[in-house]
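Trainee:
Protein chains: 2
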Amino acid sequence: MSKPIGSTPPSLRRLNASALLRHALGSDVFTASDAMASTGLSRATVIGLCDELVERGWLEELADTRGDDYRLGRPARRYTLRDRAGLLVGVDAAPHHVTTIVADLRGAVVERVTRRLDPDAVTPDERRAFVASVVDDALDAAGAVDADVLSCVVAVPAPTDAEGASPYGRGGWWASMNPGYAQEFAARGWQVVVENDANLAALAERALGEGRNVPSFATLLSGERFGAGFVVNDRLVRGSRGATGEMHVLELVSDVGSADGLGLLARKWVREAREAGELPAGSVLARLPLDELQAPAVFAAADAGDAAALAIVERLAERLARIAAILAGILDVDRMIVAGAVAPSVGLLLERARPYLERFSRPSAPDLVASTLGDSVVGLGAVTRALDLVREDPLSFSPAEPVQAGAEAP
Amino acid sequence: MSKPIGSTPPSLRRLNASALLRHALGSDVFTASDAMASTGLSRATVIGLCDELVERGWLEELADTRGDDYRLGRPARRYTLRDRAGLLVGVDAAPHHVTTIVADLRGAVVERVTRRLDPDAVTPDERRAFVASVVDDALDAAGAVDADVLSCVVAVPAPTDAEGASPYGRGGWWASMNPGYAQEFAARGWQVVVENDANLAALAERALGEGRNVPSFATLLSGERFGAGFVVNDRLVRGSRGATGEMHVLELVSDVGSADGLGLLARKWVREAREAGELPAGSVLARLPLDELQAPAVFAAADAGDAAALAIVERLAERLARIAAILAGILDVDRMIVAGAVAPSVGLLLERARPYLERFSRPSAPDLVASTLGDSVVGLGAVTRALDLVREDPLSFSPAEPVQAGAEAP
DNA sequence: CGACTTGCTTCAGGGTCTAAATATAGGTTA
DNA sequence: TAACCTATATTTAGACCCTGAAGCAAGTCG
């Protein structure tokens, strides 16, 4: 193998190689001409870099040299990212369940494994081991080993610091939700980031969802508790502890209410109504078994026109609008994205919330939309971030098992 | 003069020259060895770059070659930023007054001119002309001409977009506060930025005030209306329209109140109390002429122990604490800085606000401090930003009147 | 099959950096 | 005062890496 790219500090070669690799990460198959346009380098340079990146295992040259989009002239050599040059691992380590997504360097999901756990039945150490086992299962299912992985991002329902730890308040709950994932996975030789779940949800929306091409938006993760992730001027705003969007302060502002999420409130309110005997006999909500009396049932009943459900939705709508107006007003974002497991069923809720939002917003109201990423937002955000880690400085990673080009005699 | 630095696109030379120039902007006098340590370049390269930057008018070489800090060895050549290589202009274009600060490339204030105007007595065009005339006066006083200026930043009490315009709501008031400053000054060949005043105040605090070395903080500009500027993770968060921190939405949240600022509220409440006859006869506030019954008088009376003034301060304290808690909680900042003309007199107010803030904050309360920059914050923020513009890419500017080195025969 | 089109390869040239050798401008010391 | 010492300046050779131009190669088209 040739001398490592960019041995001396300011190396142009290294910068150019990174730029080329970023181009490769962002495109499917490409030719030297494509890369020339994208990087501004000359053909000779691009081809030299491609050769080197092939040798190092990042790229491979395709056999079928000509694509179908043109016919004249000498066919261009075509390169593409090597399929298994490296894998990315994204983990959603939520209180009640753990999801691991394994993706390739293009961000395509290779494997996805979810397992539930009882948050009250595990110690922090057991939780960490559980998460590790889910990751192992996902890698096994993908036919991969630790060495295939370049980076790993873990989403936790807690603020995190630069080291990926959560040594903060809430009576140790935050720390118990983040029992040393950073060390756990760094020990495998991976580049690891541990990040707040709402922040990662925002990154998923930017890359794959409703945040595409929106320079400033907020993502409201709104199941049991509200949590917000902000992308402002195309940049994630995470704060000192990654606690931007932790909305516990809202508990203290009347008319805005607690930081309770839509899922929790819908369940609570419908049960209160039933216990108080306020549900009309005709309502489906009066007959459901208690353990099915949850947010999805309420939203479904409202969609079907049930008056009691509609009343609850209306209350939720006003509350959501207040929170959205405050966040959007303070941070000057253009769009609010409601994400999480409830997202697919909040259509009517958002419809009802928009007039309130219009009224509460100065000078103009943001868009209010539902995420299309369902309950995978956080996991997808984690792999998105893992991919970003690679994109930031690809050459700091070594791809798995470089190609053994024809062995050269010394 | 030699060929322009960095003629071919990816030029390392240009990057290195910029890095060296940034070093020069941040240090007083420096030697090649200093620059080598700062940039990582070799001596030969550094000296080559210094020669070139001297030739182009950015640097000058000092005559006294040896400083006093060492004695042995060959004395090092010493360089420094050329004093008048360029000037920076910062303008605080507030409703009632216009301040222009002229500074040199080290950020040192060279000249400062303030003039008052009556916001109701001028058309937008007249306002623009007025601001331009204040700038002219300041430059005249500094003995400078337009060509000496590299960049100019104008602070306006309005949101601004990327082009420096304010085509937004509030019944045209915002637009009237920003009547085309960008074009006005760009026509002089200056690099111009028009930015919201609270955002610039935050930049001033970061560079010169209570925000130094604090990675995340907010600056509350709190005279007639509240406006906030946020620096999170060492980066200004300005939002789509630069309207981050416009707090009109707070008008709709009860217990938090309007976006009225401390100055306005103190005046309003003390006058209400007097009209309602609630001021005890012993209070100094009962005897002051009405036009002196303003925030400073209230704060001064409170400092002296006046009970009526203390009651007002207590009310202000709770309100300030609520706003601070919400902003700090949502954005996860470590410190709130109260800035503006009232800043020097809010000591007691902040003292009273801290217990409230402690109570309202989860998990931990931010620092609450008063700015030390007084009523110059905004103007200083504008020059700070103007200097940042130069720092970002120094070589895109041409310093004024380059040195005429010994004329070479062609 | 030859003309044509497009991409590749090679090579000379130039810009820029570094490392090492050498020169220089002072102090320090005998 | 002269020899020495130190830290810096200057010069030089060499390496790296990019570009542009010229020529070669691999296809399609008529």
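As you go down the protein sequences, you meet chains W and G in turn. Each residue of the first sequence is one higher than the one before, starting from -13 at the first, in the numbering used here. Each residue of the second sequence is one higher than the one before, starting from -13 at the first, in the numbering used here. Note that CB positions come from ideal geometry on N, CA and C, so glycine has one too.
#1: Start and end of the alpha helix (DSSP H) containing aspartate 14/W?
#2: Between which two residues does the beta strand (DSSP E) containing serine 162/W stretch?
#3: Quick one: what's arginine 411/G bridged to in DSSP?
#4: Counting only the same chain and skipping the five closest in sequence on each side, list residues whose C-beta sits under 7 Å from that of aspartate 123/G.
#5: For a quick check, are the C-beta atoms of leucine 373/W and leucine 7/W less than 8 Å apart?
#6: Does the Cβ-Cβ distance between histidine 234/G and glycine 268/W come in under 8 Å?
#7: For glutamate 232/W, which residues in chain G fall below 9 Å Cβ to Cβ?
#8: Please confirm whether cysteine 138/G and phenylalanine 116/G have their CB atoms less than 8 Å apart.
#9: Under 8 Å, do alanine 80/W and tyrosine 167/W count as touching if we go by C-beta distance?
#10: Taking aspartate 183/W as part of the alpha helix (DSSP H), name the residues at either end of that continuous run.
#11: Would the beta-carbon of aspartate 134/G fall within 8 Å of that of alanine 368/G?
#12: Return the chain-ordered list of same chain residues with a C-beta closer than 7 Å to the C-beta of arginine 110/W, the five sequence neighbours on each side being excluded.
#13: Would you mind telling me which residues of chain W sit closer than 8 Å to proline 201/G, beta carbon to beta carbon, in chain order?
#14: Alpha helix (DSSP H) containing glycine 34/W: first to last residue?
#15: Would you identify the three-state DSSP class for histidine 83/W, choosing helix, strand or coil?
#16: I believe valine 400/W touches alanine 187/W by the beta-carbon criterion, under 8 Å. Please report the beta-carbon distance rounded to the nearest angstrom.
#17: Kindly say whether aspartate 374/W, judged by its beta-carbon, lies nearer than 8 Å to any beta-carbon of chain G.
#18: Cutting at 6 Å between CB atoms, please list the residues of its own chain near arginine 321/G, excluding the five before and the five after it.
#19: Check the DSSP bridge columns for isoleucine 323/W and list the partner residues they point to.
#20: Can you confirm whether leucine -2/G, when its beta carbon is compared against all beta carbons of chain W, has any partner nearer than 8 Å?
#21: Within 8 Å of any Cβ in chain G, is that where the Cβ of valine 218/W sits?
#22: Would you identify the three-state DSSP class for tyrosine 154/W, choosing helix, strand or coil?
#23: Could you give the C-beta distance for valine 328/W and leucine 248/W, rounded to a whole number, given that I count them as a contact under 8 Å?
#24: Have a look at valine 355/W and valine 284/W and give me their C-alpha separation to the nearest angstrom.
#25: Interface residues of chain W around tyrosine 399/G at Cβ under 8 Å?
#26: Residues of chain G with CB closer than 9 Å to the CB of valine 355/W, please, in chain order.
#27: Are the C-beta of isoleucine 312/G and some C-beta of chain W separated by less than 8 Å?
#28: Check threonine 25/G in the structure and name its three-state DSSP category.
#29: Strictly below 9 Å CB to CB, what residues from chain G border tyrosine 154/W?
#30: Taking the alpha helix (DSSP H) that tyrosine 342/G belongs to, which residues open and close that run?
#31: Are the beta-carbon atoms of alanine 262/W and glycine 215/W separated by less than 8 Å?
#32: Report yes if the C-beta distance between leucine 206/G and isoleucine 298/G is below 8 Å; otherwise report no.
#33: To which residues of the same chain is tyrosine 342/G closer than 7 Å at the C-beta, ignoring the five residues directly before and after it?
#34: Exposed or buried, what is leucine 381/G when buried is set at 16 or more other beta-carbons lying within 10 Å of its beta-carbon?
#35: Going by DSSP, what residues sit across from glycine 76/G in a beta bridge?
#36: Whole angstroms are fine: how far does the CA of leucine 222/W sit from the CA of tryptophan 159/W?
Mentor: A quick look at the data gives this:
#1: Bounds of any alpha helix (DSSP H) do not take in aspartate 14/W, whose DSSP letter is neither H nor E.
#2: For serine 162/W, there is no enclosing beta strand (DSSP E); the residue is part of the alpha helix (DSSP H) that begins and ends at 159 to 163.
#3: What the structure shows of chain G is the stretch from -13 to 396, and residue 411/G is not part of that stretch, so it cannot be assessed.
#4: Residues of the same chain with a CB within less than 7 Å of the CB of aspartate 123/G, apart from the 5 flanking positions on each side, are Val99 in chain order.
#5: No; because the gap between Cβ atoms is not below 8 Å, this pair is not in contact.
#6: Histidine 234/G is not a Cβ neighbour of glycine 268/W, given a cutoff of 8 Å.
#7: Within 9 Å Cβ-Cβ: Gly315, Ile316, Asp318, Arg348, Pro349.
#8: No, they are not a contact pair.
#9: No, the pair does not count as a contact, with Cβ atoms beyond the cut-off.
#10: Here the alpha helix (DSSP H) through aspartate 183/W covers 183 to 194.
#11: Between aspartate 134/G and alanine 368/G, the C-beta gap is not smaller than 8 Å, which leaves the two residues out of contact.
#12: For the sequence presented, residue 110/W should be read as proline rather than arginine. These residues qualify, in order along the chain: Ser162, Pro165.
#13: Going along chain W in sequence order, the residues near proline 201/G (Cβ under 8 Å) are Ser226.
#14: Looking at the DSSP string, the run of the alpha helix (DSSP H) that includes glycine 34/W is 29 to 41.
#15: DSSP places histidine 83/W in the strand class (E or B) of the three-state scheme.
#16: Nothing can be reported for residue 400/W: it is not among the residues displayed for chain W, which extend from -13 to 396.
#17: Taking Cβ atoms only, chain G never reaches closer than 8 Å to aspartate 374/W, which makes this a no.
#18: Cβ contact annotation for arginine 321/G (same chain, cutoff 6 Å, sequence separation greater than five): Val200, Phe203, Pro352, Asp353, in chain order.
#19: In the DSSP assignment, the residues bridged to isoleucine 323/W are Thr205/W, Val355/W.
#20: Closer than 8 Å: yes.
#21: At least one chain G Cβ lies under 8 Å of valine 218/W.
#22: The DSSP-derived three-state label of tyrosine 154/W is coil.
#23: The beta-carbon separation of valine 328/W and leucine 248/W, rounded to 5 Å, stays under the 8 Å limit for a contact.
#24: Cα to Cα, the separation comes out at about 19 Å.
#25: Since the first and last residues shown for chain G are -13 and 396, residue 399/G lies out of range.
#26: Going along chain G, no residue has its Cβ under 9 Å from valine 355/W, so there is no contact; the nearest lies around 16 Å.
#27: Yes, because at least one Cβ of chain W sits closer than 8 Å to the Cβ of isoleucine 312/G.
#28: Looking at threonine 25/G - three-state DSSP - the assignment turns out to be helix.
#29: Correct list: Pro349, Ser350.
#30: Counting along the chain, the alpha helix (DSSP H) containing tyrosine 342/G begins and ends at 333 to 346.
#31: No. Outside cutoff.
#32: If you check the CB distance, leucine 206/G and isoleucine 298/G do not come in under 8 Å.
#33: For tyrosine 342/G, where only same-chain residues beyond five positions count, the Cβ hits under 7 Å are Ala303, Glu304, Ala307.
#34: Looking at its Cβ environment, which holds 16 or more other Cβ atoms inside 10 Å, leucine 381/G is buried.
#35: Beta-bridge pairing links glycine 76/G to Ile87/G, Val139/G.
#36: Separation of tryptophan 159/W and leucine 222/W (C-alpha to C-alpha, rounded to the nearest whole angstrom) is 25 Å.
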